[in-house]
Structure formats: C-alpha cells, structure tokens
Amino acid sequence: MKLKDDVVVLTGGGTIGHVMLNTLIAPELLNDNVKPYYIGSKTGIEKEIIEKSGIEYYSISSGKLRRYLSFENIKDVFKVTKGIFDARRILKKLQPKFVFSKGGFVSVPVVLAAKSLNIPVYIHESDISPGLANKIAGKFAKKIFVTFEKTLNFVDSNKSEYVGPVIREELLHGSKEIAENITGLNPNKPTIMFIGGSLGAKSINDLVHNHLDTFVDQYQVIHITGPDNIREDISHPNYRQYEFVQHELAHFYKISDVVISRSGANVIYELLLLKQPMLLIPLPLSQSRGDQIENAEYFKSKGYAETIEDESITPKRIIDNIRKIENNKLEYIKNMETFTAGMTPKRLTEHLLKEE
2 MKLKDDVVVL TGGGTIGHVM LNTLIAPELL NDNVKPYYIG SKTGIEKEII EKSGIEYYSI
62 SSGKLRRYLS FENIKDVFKV TKGIFDARRI LKKLQPKFVF SKGGFVSVPV VLAAKSLNIP
122 VYIHESDISP GLANKIAGKF AKKIFVTFEK TLNFVDSNKS EYVGPVIREE LLHGSKEIAE
182 NITGLNPNKP TIMFIGGSLG AKSINDLVHN HLDTFVDQYQ VIHITGPDNI REDISHPNYR
242 QYEFVQHELA HFYKISDVVI SRSGANVIYE LLLLKQPMLL IPLPLSQSRG DQIENAEYFK
302 SKGYAETIED ESITPKRIID NIRKIENNKL EYIKNMETFT AGMTPKRLTE HLLKEE
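Residues 2 to 357 in this note's numbering are what the sequence shown spells out, letter by letter.
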C-alpha cells in the first residue's frame, strides 16, 4: 500500500558507510510518495553527499563520542545537548512518520530527540559489533536491522532482525568493455584494484605509491586513493589512480581479478555478493575500535577472503596473498556462492514502511 504526503527523516554520518544506505533508500521512499529529509552534522562528509543527491538537508550541532577519558568529552556533552535541541526543533517542524538511522556520532542527538517526541526510530547496523553511537541509540530504537547474523548476539534480539546486506543493484551490471573504455587497460590482462575506503588509507596508498614497480611488473593496477591523495608525479601504462568513483565502480570490479581493500562492511559485502576474490587489510586498533578486524576475521573464517594486518603489509605479502587467491579462486567463489542473504533498497524501504 502506498502512503501519501508522508515524511521520514534519515540520519547518519562521519563516513560514506554511514551515508550510502540512506542515499539508496531515499529514491525508493520518493517512489512511495514519502518525502525524505536528512539531519546531519554541519561539516561532515554526509553534508556534501546528501546535498548533491538533492535531499533537503538540516544541520545540527554534534560532538564526538569517545570510549576514553578526555577533556574534550566535557565540551562535547554540551555539543550533543545542543544537537538534541536542534534536532527536536527540526523534527517538530517536519513531523516525520519515523527516523531511520545509519549510525555515526551525529545520529545520537537525532535519535534521542525523536524518542522524546515519541517518533519511532529504526536503526541499521552494518558491522558485527555495534559502534558506541548505535549502542546508545539502540536502547531507544523500535527496531534494529543487522547485516551480520552474528550481530544478534550483541543487540537486543527481541527488537532486532537479520536482513543481511543491502544490495546496490547497479553493481551487478558491470562491463569489462566499459572498464576498458574508462581506464584504457586491457581486460584480458591480470588486474588488481586497491581500495582504501571513503577517506583513503595512508598505509595502503603509501605501499602502492612507493612500490608501484613491484605491482605493475606483474599486474595492471587500479588504485582508489581517497580525496586529495592522487600523486600527479606517478604514472605508468599499467597504473590508473582515482580519488573516488561512483558508477565506474561496477565496471572496475568486473575487470579486477583480485580486490585489495579495507574491511568496512559495505565494501566487503559488495565483493561477496559479486563473488569477487578479495584480500582484506582492516583498519588497525590504533585507528579504530576493531570493527574492521572483526569483519575481516569473520570473512576469512567463512572462506570468502584472505587478510593481512595493516602493520604487516609489504609488497611481498600482498603479492603472495594475491597468488594464493588466484591459485584457489574457484574455492573462494564456491564458498561465496553459499551466501544467499541480502535485500534490495526497494525491499528494505517496503519493510520499513510496513513496520508503520
């Protein structure tokens, strides 16, 4: 049943992973005559992404949530408190049917404001164990949707549902020919792709840039560097570097024999659904809470991927693992074929609307 003249609020920010799903379900909401609005931070990556998508965007004050003692925590209490009042004012104006949160620091004030106004909150958690923002927000949510079945062990199972990954259907239609036109690379030659994540990965970027000769001697290389990480002084007939790609990604996946990537939930599930052999280099504990390490270990235990610790990456270890994956490619694909979960943005949107 289609709803008319309804409004929902989407929130989440800090990384592309906390924004991407919202950009996928927004068009589906519009198709159901439901208008989405977005509440995010004043300077986060979500602001640029959402404003480019055409969704009306509201900014609120937000602080960082920390698990350790810091003087900054005191200042951020005031920022979060102000963010709650900012969000309350916006929510009272919009009167949404519900709030859908993808996580990140900015989502907490929005969720708390929604709860204070008796507006239902739905949360989506991509990683195995929830981050601090979703741990807090989850207490006030009507329902929590999870990507990993194992996550049900870390959340209130009475109000949680395993839905698997949400599939970007455009990724299923990659073309080697289009990839060749974009990159100028030969689709019949071995190709590897390095992906550092939405903000790039210094260790991965440095490895590729500093040891490019080692890689291009054996492979064609596509390198997604992240913003402001292009090295204009580096070029080679077998090497292509890009800050960020969107529609091109499906075609780049198609031409790549192995993808070397961070292990954020969004990208690794994309690779899984595409049956794309992968080598994962999770963010180390010095730069994260360990969620990517958990994701990578889980995928390795399932036989979907090989992994290398960030602190241990060398050109030789990368090449050795790529060769291992190449030599056992059919086994990895066979393991990935056993995975059948997941839903499209349209199905998730229908699911949300039926909840109401």
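For each residue, glycine too, the CB sits at the ideal point set by N, CA and C.
Buried or exposed by the 16-neighbour rule on C-beta atoms within 10 Å, applied to residue i
| i | result |
| --- | --- |
| Gly132 | buried |
| Phe300 | buried |
| His248 | exposed |
| Leu331 | exposed |
| Gln277 | buried |
| Phe79 | exposed |
| Leu275 | buried |
| Gly15 | buried |
| Gly139 | buried |
| Ile334 | exposed |
| Glu29 | buried |
| Leu186 | buried |
| Glu356 | exposed |
| Ile244 | Here residue 244 is Glu; the residue named in the question, Ile, does not match the sequence. With fewer than 16 Cβ atoms within 10 Å of its Cβ, Glu244 is classed as exposed. |
| Asn189 | exposed |
| Glu233 | exposed |
| Pro346 | buried |
Proximal residues to residue i (C-beta, below 8 Å), its chain only, five neighbours per side dropped
| i | result |
| --- | --- |
| Val35 | Leu4, Asp7, Val8, Val9, Lys98 and Leu354 |
| Ala1 | Lying before the first or after the last residue shown, residue 1 is absent from the chain, which here runs from 2 to 357. |
| His19 | Gly13, Glu47, Lys103, Gly104, Gly105 and Ser108 |
| His212 | Pro316 |
Simplified DSSP assignment, three categories, for residue i
| i | result |
| --- | --- |
| Ala88 | helix |
| Ile124 | strand |
| Val282 | The residue you asked about is not Val; residue 282 is Ile in the sequence shown. Residue state, collapsed to three classes: coil. |
| Arg311 | It is worth fixing the name first, because residue 311 is Asp in this sequence and not Arg. Asp311 falls in the helix class under three-state DSSP. |
| Glu368 | Outside the displayed span of the chain (2 to 357) sits residue 368, for which this structure offers no information. |
| Phe146 | strand |
| Leu4 | Confidence at Leu4 is low in this model, with a pLDDT of 44, below 50, so the placement of that residue should be treated as unreliable; the coordinate-derived value is given next. Three-state DSSP puts Leu4 in coil, outside helix and strand. |
| Lys317 | helix |
| Ala306 | strand |
| Ser264 | coil |
| Gln242 | strand |
| Glu233 | coil |
| Pro1 | A query on residue 1 cannot be resolved here, the shown segment of the chain reaching from 2 to 357 and no further. |
| Phe79 | helix |
| Tyr220 | coil |
| Leu70 | Reliability fails at Leu70, whose pLDDT of 46 lies under 50, so the model's placement of it is uncertain and the value that follows must be treated cautiously. DSSP places Leu70 in coil when its eight states are reduced to three. |
| Ile256 | helix |
| Val109 | helix |
| Glu338 | helix |
| Phe195 | strand |
| Thr12 | strand |
| Val209 | helix |
| Pro28 | helix |
| Lys61 | Lys is not the amino acid found at residue 61; the sequence shown has Ile there. Three-state DSSP puts Ile61 in a strand. |
Beta-carbon contacts of residue i that lie in its chain and below 7 Å, excluding the five residues immediately before and after
| i | result |
| --- | --- |
| Ala251 | Glu171, Leu172, His174 and Gly175 |
| Ser204 | Asp311 and Ile314 |
| Glu52 | Tyr58 |
| Leu273 | Tyr305, Met337 and Phe340 |
| Tyr163 | Val147, Glu150 and Leu153 |
| Phe141 | Val112, Leu113, Lys116 and Val122 |
| Arg318 | Ile309 |
| Lys83 | Ser62 |
Among the options, the one whose alpha carbon lies nearest that of residue i
| i | options | result |
| --- | --- | --- |
| Val111 | Pro316, Asn187, Ser60 and Leu274 | Ser60 |
| Gln219 | Leu92, Val20, Ile91 and Asp321 | Asp321 |
| Asn154 | Phe146, Ser130, Gly185 and Ile137 | Ser130 |
| Arg348 | Met21, Ile26 and Leu11 | Ile26 |
| Ile235 | Val222, Phe245 and Val246 | Val222 |
| Val156 | Ile168, Pro166, Asn135 and Val164 | Asn135 |
| Asn159 | Pro166, Ile145 and Arg169 | Ile145 |
| Leu11 | Asp33, Leu31 and Pro37 | Pro37 |
| Phe216 | Asn328, Pro316, Ile50 and Val100 | Pro316 |
| Lys303 | Leu284, Tyr270 and Gln288 | Tyr270 |
| Ser289 | Asn328, Ala202, Leu92 and Asp33 | Ala202 |
| Ile231 | Ile282, Leu95 and Gln242 | Gln242 |
Min CB distance residue i to chain B below 8 Å
| i | result |
| --- | --- |
| Ala180 | Checking the listed chains, one finds no chain B in this structure; it contains a single protein chain. |
Neighbourhood of residue i by C-beta distance below 6 Å, restricted to the same chain and skipping five residues each side
| i | result |
| --- | --- |
| Ser54 | Thr24 |
| Ile85 | Pro110, Leu113 and Ala114 |
| Asp292 | Asp128 |
| Pro1 | The question about residue 1 has no answer here: the residues shown for the chain are numbered 2 through 357. |
Residue i Cβ short of 7 Å to the ligand ATP heavy atom set
| i | result |
| --- | --- |
| Gly175 | Only the bare structure without any ligand can be found here, which leaves the ligand ATP out of the picture. |
task: Evaluate the contact criterion for the stretch 248 to 264 versus the stretch 180 to 191: three or more CB pairs, one atom per stretch, below 8 Å.
output: yes
- request: Take every Cβ of the stretch 40 to 58, pair it with every Cβ of the stretch 98 to 114, and state whether three or more of those distances are shorter than 8 Å.
  value: yes
- prompt: Is the stretch 306 to 314 in contact with the stretch 341 to 349, if contact means three or more CB pairs nearer than 8 Å?
  reply: no
query: Three or more beta-carbon pairs under 8 Å between the stretch 256 to 271 and the stretch 188 to 198, yes or no?
result: yes
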